[in-house]
């Protein structure tokens, strides 16, 4: 396999993308909950318990931190992506069709950025990489030859191109 400097750097670029996206999302949550960084909507905070703003801010803060540090990144990114889709279709899209017209670009960009992380994983520099893998912790492995993640390739009956 031919490895170029760009393909070798891909996990680190993805990790940096995850870190920046998580940091920006965390900042949105912190601004809404604590009034820092300019506060919510130009100042102040979102009143505790109000729907949907306060709950969205909690998701932004918690999911943003999880994505930032790479802990449960795929699950956190899935929840964050869904919350941004909800934000777009409930708060922005009713005002105009296109995100550029309804100020929904941040919601759309975050939604798709997090959805990308759901499918690609966290990349390099994620704390998930420091935790023991589920397979080494005694989790069930996939059946040999299934092609699924977790397939036990150490068994004698494994499939290889020579044995198939």
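Numbering (our numbering), first residue to last: 493 to 656. All C-beta atoms, glycine included, are put in the ideal place defined by N, C-alpha and C.
For residue i, collect the residues of the same chain with a Cβ closer than 6 Å to its Cβ; drop the 5 residues on either side in sequence, then sort them by chain order.
i           : result
residue 545 : 538
residue 552 : 517, 520 and 521
residue 591 : 597 and 600
residue 568 : 555, 558 and 559
residue 540 : 546
residue 606 : 569, 572 and 573
State the DSSP-derived secondary structure class of residue i, mapped to helix, strand or coil.
i           : result
residue 501 : helix
residue 632 : Interpretation of residue 632 is limited by its pLDDT of 48, a score under 50 that renders its predicted location unreliable; no figure is taken from the coordinates.
residue 522 : helix
residue 564 : coil
residue 607 : helix
residue 512 : helix
residue 624 : coil
residue 557 : helix
residue 542 : coil
residue 619 : helix
residue 577 : helix
residue 495 : coil
residue 532 : helix
residue 595 : coil
residue 506 : helix
residue 612 : helix
residue 549 : helix
residue 588 : coil
Leaving out five residues on either side along the sequence, give the residues of the same chain with a beta carbon under 7 Å from the beta carbon of residue i.
i           : result
residue 662 : Here the chain has residues from 493 to 656 only, and residue 662 is not among them.
residue 548 : 575 and 579
residue 614 : 507, 510, 562, 565 and 620
residue 497 : none
residue 571 : 551 and 555
residue 603 : 573, 576, 577 and 580
Leaving out five residues on either side along the sequence, give the residues of the same chain with a beta carbon under 8 Å from the beta carbon of residue i.
i           : result
residue 616 : 503, 504, 506 and 507
Please confirm if the region 554–565 is in contact with the region 510–525, defined as three or more CB-CB distances below 8 Å between the two stretches.
yes
The region 527–536 contacting the region 602–615, beta-carbon criterion three pairs below 8 Å:
no
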